[in-house]
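The structure appears below as structure tokens.
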Amino acid sequence: MTNLTPPATSATTEKVKLGLQKRYSREKRFRWYGIISIVVSLFFLIVLLADITYKALPAFTHHYIQLDIDFNAEKLGISAQSTPEQLRRADYSILVNDALIKQFPNVTGRQEKRALKNIVSSNAPYRLQAMVLENPSLLGTKQAIWFLSNDDSDIYYKDGNERLKPYETQWLDTLKAEGRVDNRFNSTLFTNGDSREPEQAGILSALVGSFFTIALTLSLSFPIGLAAAIYLEEFSPKNNFWVDLIEVNINNLAAVPSIVFGLLGLAVFIQFFGVPRSTPLVGSLVLTLITLPTIIIASRAAIKSVPPSIREAALGLGASKVQTVFHHVVPLAMPGVLTGTIIGMAHALGETAPLLMIGMVAFIIDVPSNLTDPAAVLPVQIYLWADSPERAFVAKTSAAILILLVFLVCMNLLAVILRKRFERRW
Amino acid sequence: MKSLAWLVAAGLFMGVGAAQARDNIEIVGSSTVYPFSTTVAENYAKKTGNPAPKVESTGTGGGMKLFCSGAGVDTPDISNASRRIKESELETCKKNGINPVEVKVGYDGIAIANAKEAPTFTITRKELFLALAKEVPQEDGTLAPNKFTTWNEIDAKLPATKIEVLGPPPTSGTRDAFVEMVMHVGCKEFAWVKDLEKTDEKKFKAICESIREDGHYVEAGENDNLIVQKLQSNKDALGIFGFSFLDQNSDKVKGANVDGVEISFDSIAAGQYPVSRPLYMYVKKEHVGTVKGIEDFLAEFTSDAAWGDEGYLTDKGMIPMPTEERAKFAADAKALTALSGL
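As they're listed, the protein sequences go chains G and C.
Position 27, counted from 1, in the first sequence is what the numbering used here calls 84; the numbers after and before it change by one each time, with no gaps.
Position 45, counted from 1, in the second sequence is what the numbering used here calls 50; the numbers after and before it change by one each time, with no gaps.
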């Protein structure tokens, strides 16, 4: 029986058998490499997220202090009959000071009195001003009102603050013992624009600015990028010097540092066309330039990967070139185009360097209401807060990073859902 | 797709239209003045109900360039500066039909600080120069590469720790001020270098302004918070940053004693602390009346509630000027007296 098996085959089988174990283990090893690299990247991601979240948590709550305000019309020098302008001009800080002095009658000395004033946020008088303007009948009444605490007081309640003097911590402890302190959800963070006072600073103006900027960037770069890709892939003459030149340039543009686009935006859009500085309009024009190469390259790859049989079938059935492209090729290429768009938009959302040149790294309090209002964007807000001396901005910075990540996830989720709808197999 | 294109076109037209008229003040300039300017901007907006001014942190030089580029409403109204306007900048301004009004706003101190737990540093500006210069002038009129690696090699009374100073990069205004107020003064202690200032200014600058690059001076980026954090973890290191950061982190870091004076609010205000500089803002007179609210903004900035001895700007770390100086600049701001020359 032994001589039935040809010796040559036997040798090969032996060889294969010998190598088999090696090949199996190599495959196993490779799988392990894959798993390890995923674990490592997940580990770093989790560490990063955990660190940011841990640092951000204090920013989502804030301590409020309750004071008994006596709306003394005489002291304010106004009455319920005063004009709104007079009501606006009155000095409401008197009311806050009186309430604080009433709370701590033993405070003497200029230094201490000044420190006492700083227990609550500096916007307390403006809060009263707004209340009186809205409802002048408050004058002459007494109200218990919750005020934002100052950032230093808030830090003290959260985890102690060695910057405060003993008498200051004593006041804060007394207030707490009397039940006049409450830790609440920090809605200011989501309803206010930027501020120099950490307790009044919010993300809204940057959030709206980012939304405007990204929306306009998308509506500019998506159609332009897709049209360019379709033309280059489907209509342009092949082996033409000019087409090749354009192709090389697009590929090069994808690698140009973004600050260069900022300089270009400053020179062309602002100085030549007179587009106003610091606006979502000029921001998105610059970001469009940055995202275009990414979108064009990805779209071209997606269009190229549509099987020629689809085109031939459509043409064979009498469809025109344009009909073939728009009815068959583009819908099939859409998932790839959207992937490129997601990458481009995520890039645009996180960009700050080019915005520096066009004046979007700026202190903006008012929430922009249209494309030509001055606006900041989320990464700029993070940068500005990270650079602020006040301690409470550290937590605010991390909170802003989290909000930026949530914004990014929402955006990507939308794109993934859209992509799923377009996806088709053949 | 069609409606989208229209939307974009409409947006562009709106943009060009909006460039003609403006009702919010535009401020550019120094990142050192930025925290003070923004605080005033915020209070001004709350008090008057006008739109809040837009404050850009472009750096002093960049701000001046924008400010002096023209008198049209598309240029900024106010430029902040952590130094006085330069002759060349004023010339450009005047050539473009701008007569800037100079308002000194206050003082800023530069702290040389270390961790709270570490012993307090007592140092002179000459010692700082010797520790940080790229090349050290010798008594015989030559230069030698800086060989100092520990502080006690410079002076026996200094600690025996490695020289490690975290400071701002050359692009920062704080670095400029540090070079001017510490390095220049320190290197002028050598008589022959001092004479050089008049005879060969280029060489003088090369000696006095070059900071060593062998790892003893670490450029820690523009972010002063980062320097504070690094000082906490590295007890032997010194850091260079603005006084407001020292003030805000007084539980973590403490300032060194420079030339026998400890850094504090009072020592800067009294003009005793040697490393402090005046801060300015320049107002475009031509825009007053065209852009709404500039006068009100100036009134707010120059009010005692803002820049006074106990004003809210002092809470942000700005050192107020003496009363007479305040009165002078407040009057200048009110009358919009243009700067005639330097």
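All C-beta atoms, glycine included, are put in the ideal place defined by N, C-alpha and C.
The model shown is predicted, which means the values in this text are computed figures rather than measured ones.
query, result
"Taking only beta-carbon atoms, is Asn101 (chain C) less than 7 Å away from chain G?", "no"
"If the cut is a Cβ gap below 8 Å, which residues of chain C does Gly282 (chain G) touch?", "Simply none; closest approach about 13 Å."
"Roughly how many whole angstroms lie between the Cα atoms of Val305 (chain G) and Pro431 (chain G)?", "36 Å"
"Could you check whether the region 98 to 112 of chain C touches the region 328 to 343 of chain C, counting it as contact only if at least three pairs of C-beta atoms, one from each stretch, sit closer than 8 Å?", "yes"
"Excluding the 5 residues preceding and the 5 following Ala24 (chain C) in the sequence, name in chain order all residues of the same chain whose CB lies nearer than 8 Å to its CB.", "Note on Ala24 (chain C): pLDDT 44, under 50, position unreliable in the model; the coordinate value appears next. So the list reads Val78, Asp79, once near-sequence residues are dropped."
"How close, in whole Å, do the beta carbons of Val424 (chain G) and Gly282 (chain G) come, if the pair is a contact with beta carbons under 8 Å?", "About 30 Å separates the two Cβ atoms, so there is no contact after all."
"Under 8 Å Cβ to Cβ from Asn230 (chain C), same chain only, skipping five residues before and after it: list those, please.", "Phe250"
"Since Arg282 (chain C) contacts Asp113 (chain C) with CB under 8 Å, what's their CB separation in whole angstroms?", "6 Å"
"Which stretch, first to last residue, makes up the beta strand (DSSP E) that contains Met286 (chain C)?", "281 to 289"
"Do the CB positions of Ser178 (chain G) and Leu221 (chain G) come within less than 7 Å of each other?", "no"
"Rounded to whole angstroms, what is the Cα-Cα separation between Gly373 (chain G) and Met391 (chain G)?", "23 Å"
"By how many angstroms is the C-alpha of Thr65 (chain C) removed from the C-alpha of Glu267 (chain C)?", "28 Å"
"Hey, could you find the ends of the beta strand (DSSP E) Glu140 (chain C) is sitting in?", "140 to 142"
"In three-state DSSP terms, what is Arg241 (chain G)?", "strand"
"Terminal residues of the continuous beta strand (DSSP E) containing Pro105 (chain C)?", "105 to 120"
"Can you name the start and end residues of the beta strand (DSSP E) that Pro333 (chain G) belongs to?", "Pro333 (chain G) -> no beta strand (DSSP E), and no H or E assigned at all."
"Assuming the contact rule is C-beta atoms closer than 8 Å, Lys170 (chain G) and Asp125 (chain G) should be a hit. Round their C-beta distance to whole Å, please.", "Wrong, their Cβ atoms sit about 18 Å apart, outside the cutoff."
"For Gly22 (chain C), which residues from the same chain have a beta carbon less than 8 Å from its beta carbon, with the 5 sequence-adjacent residues on both sides left out?", "Unreliable placement is indicated for Gly22 (chain C), whose pLDDT of 44 sits below 50; the coordinate value is still reported in the next sentence. There are no such residues."
"Taking the beta carbon of Pro223 (chain G) as the centre, do at least 16 other beta carbons fall within 10 Å, making it buried, or is it exposed?", "exposed"
"Would you say Phe318 (chain G) and Val339 (chain G) are within 7 Å of each other, going by their C-beta atoms?", "no"
"Got a sec: is the Cβ-Cβ distance from Pro325 (chain C) to anything in chain G below 7 Å?", "no"
"So, with DSSP's three-state summary, where would you put Ser127 (chain G)?", "As written in the sequence, residue 127 (chain G) is Asp, which differs from the Ser given in the question. If DSSP states are grouped into helix, strand and coil, Asp127 (chain G) belongs with the strands."
"With 8 Å as the C-beta to C-beta threshold (strictly closer), list the residues of the region 305 to 338 of chain C near chain G in chain order.", "Glu315, Tyr317, Asp320, Lys321, Gly322"
"Interface residues of chain G around Glu47 (chain C) at Cβ under 7 Å?", "Ser252, Arg253, Ile422"
"Between the Cα of Glu480 (chain G) and those of G:Thr396, G:Arg357, G:Lys85, G:Arg146, spot the shortest distance and give me the residue it belongs to.", "G:Thr396"
"Strictly below 8 Å CB to CB, what residues from chain C border Tyr183 (chain G)?", "Lys51"
"Should Asn228 (chain C) be flagged as near chain G, meaning a C-beta pair shorter than 7 Å?", "yes"
"Enumerate in chain order the residues of its own chain whose CB-to-CB distance from Leu148 (chain C) is below 8 Å, with the five nearest sequence positions on each side excluded.", "Glu140, Val141, Pro142, Ile212"
"Could you name the residues of the same chain whose beta carbon sits closer than 7 Å to that of Ser267 (chain G), not counting the 5 residues immediately before and after it, in chain order?", "Leu406, Val434, Leu435, Phe464"
"So, for Thr70 (chain G): in the same chain, excluding its five sequence neighbours on each side, which residues have a beta-carbon less than 7 Å away from its beta-carbon?", "none"
"List, in order along the chain, the chain C residues whose C-beta lies closer than 7 Å to that of Val418 (chain G)?", "Glu61, Ser62"
"Terminal residues of the continuous beta strand (DSSP E) containing Tyr222 (chain C)?", "222 to 224"
"Looking at the structure shown, is Phe420 (chain G) part of a helix, part of a strand, or coil, going by DSSP?", "strand"
"Three or more beta-carbon pairs under 8 Å between the region 113 to 124 of chain C and the region 244 to 264 of chain C, yes or no?", "yes"
"Look at Ile273 (chain C) and Phe183 (chain C) and say whether their C-beta atoms are less than 7 Å apart.", "no"
"Can you give me the C-alpha to C-alpha distance between Thr179 (chain C) and Gly322 (chain C), rounded to a whole angstrom?", "15 Å"
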